[in-house]
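Just below is one structure, and these are the notes that go with it.
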Amino acid sequence: MLIEISGKETEIPDGSSIEQLIRIKDAADNIVVVLNDVIIEQAQWENTALNANDRVELIQFVAGG
1 MLIEISGKET EIPDGSSIEQ LIRIKDAADN IVVVLNDVII EQAQWENTAL
51 NANDRVELIQ FVAGG
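The opening residue of the sequence shown carries number 1 in my numbering; numbering runs sequentially from there.
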């Protein structure tokens, strides 16, 4: 199915959860996931299913100085 990740259309397996998407994208655990303009808590990643045409933002914070 097609979803939008950070503004780019991306094909992922049907029935994928946010947790599975993060593994597919090899993203770090210290990210914030925004699904259709709603922040999804990390505790909900495994149980939050993605649907075709969803919009996902993976935001990683970087410490600086």
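In this text, a Cβ means the ideal position worked out from N, Cα and C, and glycines have one as well.
Tell me whether the beta-carbon of S17 lies closer than 8 Å to the beta-carbon of L50. Numbered from its first residue, the sequence shown carries residue 17 at position 17. Numbered from its first residue, the sequence shown carries residue 50 at position 50. Contact flag set, yes.
Using three-state DSSP, classify A89 as helix, strand or coil. Outside the displayed span of the chain (1 to 65) sits residue 89, for which this structure offers no information.
If we ignore side chains and look at the alpha-carbon of each, how far apart do K25 and G64 end up? By 1-based counting over the sequence shown, the position of residue 25 is 25. By 1-based counting over the sequence shown, the position of residue 64 is 64. Distance between the alpha carbons of K25 and G64 is about 24 Å.
In the structure shown, what three-state DSSP assignment does I18 receive? Position 18 of the sequence shown, counting from 1, holds the residue named residue 18. Looking at I18 - three-state DSSP - the assignment turns out to be helix.
Check I12 in the structure and name its three-state DSSP category. Against the sequence shown, residue 12 aligns to sequence position 12. Here I12 sits in coil by DSSP.
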